[in-house]
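One structure is given here, and the rest of the page talks about it.
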Amino acid sequence: MPGAQAEGGALMTITVRFAPSPTGLLHVGNARTALLNYLFARRLGGKFLLRIDDTDAARSTKAFEDAIYRDLSWLGIQHDLTDRQFGRIKLYSTAFYRLQAAGRVYPCYETEEELDRQRALLKARRKPPIYERGALKLTDEQRAKHESDGRKPHWRFKLSCQKTGWTDMVRGPVEIDTATMSDPVLVREDGAFLYTLPSVADDIDFAITHVVRGEDHVTNTAAQIEIFQALDAKVPAFAHFPLLVGAGGEALSKRLGSLSLEQLREEGMEPMAVASYLAKIGTSDPVEPRLSLDELAKEFAFEKIGRAPAHFDPEELAALNAKTLHQLPYATVAARVNIPEALWEAIKPNLTRLSDAAGLALMVTGPVTPVIEDAGLTATAAALLPPEPWDENTWPAWTKAVGAQTGAKGRGLFHPLRLALTGRGDGPELKKLLPLIGRAKALARLEGKTA
Ligand code: GLU
73 MPGAQAEGGA
83 LMTITVRFAP
93 SPTGLLHVGN
103 ARTALLNYLF
113 ARRLGGKFLL
123 RIDDTDAARS
133 TKAFEDAIYR
143 DLSWLGIQHD
153 LTDRQFGRIK
163 LYSTAFYRLQ
173 AAGRVYPCYE
183 TEEELDRQRA
193 LLKARRKPPI
203 YERGALKLTD
213 EQRAKHESDG
223 RKPHWRFKLS
233 CQKTGWTDMV
243 RGPVEIDTAT
253 MSDPVLVRED
263 GAFLYTLPSV
273 ADDIDFAITH
283 VVRGEDHVTN
293 TAAQIEIFQA
303 LDAKVPAFAH
313 FPLLVGAGGE
323 ALSKRLGSLS
333 LEQLREEGME
343 PMAVASYLAK
353 IGTSDPVEPR
363 LSLDELAKEF
373 AFEKIGRAPA
383 HFDPEELAAL
393 NAKTLHQLPY
403 ATVAARVNIP
413 EALWEAIKPN
423 LTRLSDAAGL
433 ALMVTGPVTP
443 VIEDAGLTAT
453 AAALLPPEPW
463 DENTWPAWTK
473 AVGAQTGAKG
483 RGLFHPLRLA
493 LTGRGDGPEL
503 KKLLPLIGRA
513 KALARLEGKT
523 A
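What the sequence shown shows, in the working numbering, is residues 73 to 523, in sequence order.
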């Protein structure tokens, strides 16, 4: 499907955006936002804009920006277009002047301390800490006095103080009375734009059709809808999904630093395990591995996202990582593991991380220092080794013969053979390993020689 049917029957191209600020590494919460945007666009043949929200020049860095591109590409998320807010200030100024002409912004001269004091007073009177619009009550003389005192204004957007509503694709009908909110500051004393207006100006400029983000933005949305309307722009559709919490329901915000994609990658998590996990938690779908983002996109629907927070459990992710590895076809890992296909197939059920593969492969390629637990049994087993060619039937036939001759069975039979053949007490299935080890090495190891 190339697009969705818009009102009036015209075909509209779905366009979404992921708008991280390059002030830190992408963590699992950001990654989930990126992924849900991407899967939605992908499912409907839409476009995905990667917008770098770097209006905060003091905290934004090139290194974090580079990391965003690297992490998204690791996850398999490709953008159709990309831009950054730095350098688009003209667009934001134009939007600001339009709001000014419409009488929707006003200059404020309070200092941070004065605002703090006002909030404390309201709190003491058990009132919500909403900005009381003192700046709107200033006389021309008072304003002129502030200016001549050298105070620079910050600028607030004048909310309508009415009910603003939308039909959220996750939450259903939402209505917020903007009288319960402070007028948002759009421009700081130093003339810098804060996030609120540039985001709307960009959403208009890039013809964003759907804004998909966490529910921490619900209040922003009410203000931003009013800004879209004040700029005579079409308001996009909104979807706000519940945020991630820890396994025990605790807020993740403090731990997000250690839940960066970079860290998960270093810990050996597969990108498709991370993507499958982030796409499925908090939804009505089971948490199961998928091997491509396309598969996840086919299964994606906002209706499946629940209203309760999604639980992010690193142990559950690690388990999904193992399951993902067990399903990965050789072709997708060949370049990363550097072992032959038959060996991959033999060891993959035992992997929890791809980096375990090298150690497990050594059981076949050697050198293995055998552990001889029962010398009599291993000597008999060596004598009974059949001639090659070997296949998966060799192990059961051979151990049957060893068992018949020695009287050993169960663990007493298999464990000494495993220790001698691989040097370890556990590992992949021996019926698969034995033909790969081959007769010469197997014989040497059964005789206690390193091979
Ligand atoms: N840069 C904003 C953030 O990271 C974007 C929010 C939005 O999606 O509008 O929270």
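We put the beta carbon where it would ideally sit given N, CA and C, even for glycine.
Give every residue of the same chain whose Cβ lies closer than 8 Å to the Cβ of residue i, excluding the five residues on either side of it in the sequence, and list them in chain order.
i           : result
residue 383 : 316, 317, 318, 319, 321, 353 and 354
residue 469 : 458
residue 404 : 363
residue 421 : 398, 500 and 501
residue 136 : 94, 95, 96 and 97
residue 86  : 75, 76, 112, 113, 116, 117, 118, 119, 281 and 282
residue 531 : Outside the displayed span of the chain (73 to 523) sits residue 531, for which this structure offers no information.
residue 385 : 318 and 319
residue 138 : none
Where DSSP assigns a beta bridge to residue i, which residues make up the other side?
i           : result
residue 282 : 88 and 309
residue 323 : 317
residue 99  : 332
residue 178 : 228
residue 249 : 235
residue 155 : 123
residue 346 : According to DSSP, residue 346 bridges with nothing at all.
residue 257 : 228
Applying the criterion that 16 or more other CB atoms from any shown protein chain within 10 Å of the CB defines a buried residue, is residue i buried or exposed?
i           : result
residue 169 : exposed
residue 198 : exposed
residue 507 : buried
residue 342 : buried
residue 387 : exposed
residue 588 : Because the chain is modelled from 73 through 523, residue 588 falls outside the range shown and cannot be assessed.
residue 193 : exposed
residue 304 : exposed
residue 91  : buried
residue 213 : exposed
residue 184 : exposed
residue 102 : buried
Tell me which same chain residues have a C-beta within less than 7 Å of the C-beta of residue i, skipping the five on either side of it?
i           : result
residue 513 : 438 and 523
residue 347 : 107, 147, 148, 365 and 368
residue 509 : 436 and 493
residue 357 : 371 and 376
residue 223 : 181
residue 336 : 346
residue 392 : 345, 348, 349, 359 and 361
residue 245 : 237 and 239
residue 452 : 474, 477 and 478
residue 143 : 98, 333 and 334
residue 242 : 311, 312, 313, 374 and 377
With distances taken from CA atoms, which of the options is nearest residue i?
i           : options               : result
residue 109 : 215, 94 and 286       : 286
residue 289 : 303, 274, 311 and 280 : 311
residue 430 : 450, 407 and 134      : 407
residue 104 : 345, 351, 505 and 156 : 351
residue 411 : 433, 428, 400 and 401 : 433
residue 162 : 393, 498, 263 and 242 : 263
residue 174 : 229, 344 and 460      : 229
residue 395 : 202, 381, 195 and 425 : 425
residue 447 : 423, 489, 415 and 481 : 489
residue 515 : 464, 485, 483 and 460 : 460
Apart from the five residues on each side of it in sequence, which residues of its chain come closer than 6 Å, Cβ to Cβ, to residue i?
i           : result
residue 78  : In this prediction, residue 78 scores a pLDDT of 47, lower than 50, which makes its location untrustworthy; no coordinate-derived value is stated.
residue 152 : 119 and 120
residue 296 : 272
residue 331 : 99 and 100
residue 520 : 442 and 444
residue 260 : 226
residue 294 : 236, 248 and 250
residue 80  : Unreliable positioning characterises residue 80 in this predicted model, as indicated by a pLDDT of 47, which lies under 50. The coordinate reading is nonetheless provided below. So no residue of the chain qualifies.
Check: Enumerated in chain order, which unbroken segments of the beta strand (DSSP E) with a length of 3 residues or greater are wholly contained in the segment 188-239?
Finding: Whole beta strand (DSSP E) segments, 3+ residues: 226-229.
Item checked: Length-filtered (4 minimum) alpha helix (DSSP H) runs lying within the segment 371-402 -> Correct list: 386-399.
Next item on the list: Check each residue's C-beta against every heavy atom of the ligand SAM and list, in chain order, those closer than 5 Å.
Entry: The model depicted lacks the ligand SAM and carries the ligand GLU instead.
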